[in-house]
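Asker: Residues in the sequence shown are numbered from 1180 upward in steps of one, following the working numbering.
Just so you know, even glycine gets a beta-carbon here, dropped at the ideal spot from N, CA and C.
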Amino acid sequence: MEDDIVVCRCEEITLKEIREWIARGYDTFDELKRLLRVGMGPCQGRGCRDIILREISKQTGVPVADIPSGTIRPPVKPIKCGLVGDIKGGDFE
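#1: Tell me the rounded alpha-carbon separation between G1240 and R1233.
#2: For C1187, which three-state DSSP category applies?
#3: In the DSSP assignment, find the unbroken alpha helix (DSSP H) run with E1210 in it and report its ends.
#4: From which residue to which residue does the alpha helix (DSSP H) around K1237 run?
#5: Under the assumption that S1236 contacts F1208 (Cβ atoms under 8 Å), give the Cβ distance between them as a whole number of angstroms.
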């Protein structure tokens, strides 16, 4: 039953899927992100990153503090596309 827990709600990735990929040797957040799209949904990992890092730690025995938390690219928080379109300045006017 625990395996059915949805870890990444944005991409609907379960704990079972996370565990399977870690067991195959994909034991960094960035690797799991590339494979499963965790951390790429609207929440940008705010809902799943810590859970996944703890699971990596549990499966590998590496302390969470020693596991890279993954690459974060701007925008760090979600913004509406319309706001980007309203930016004035530069050669885009």
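Answerer: Here's the rundown:
#1: Here residue 1240 refers to the residue found at position 61 when the sequence shown is read from its first residue. Here residue 1233 refers to the residue found at position 54 when the sequence shown is read from its first residue. Each residue's Cα considered, the two are about 10 Å apart.
#2: Working through the sequence shown from its first residue, we reach residue 1187 at position 8. In this structure, C1187 counts as strand in the three-state DSSP scheme.
#3: Indexing the sequence shown from 1 puts residue 1210 at position 31. It spans 1208-1215 - the alpha helix (DSSP H) in which E1210 sits, taken as one unbroken run.
#4: For the purposes of this step, residue 1237 is taken as residue 58 along the sequence shown, with counting starting at 1. Looking at the DSSP string, the run of the alpha helix (DSSP H) that includes K1237 is 1228-1239.
#5: On the sequence shown, residue 1236 is found 57 positions in, with the first residue counted as 1. On the sequence shown, residue 1208 is found 29 positions in, with the first residue counted as 1. That belief does not hold up - the Cβ atoms of S1236 and F1208 are roughly 11 Å apart, past 8 Å.
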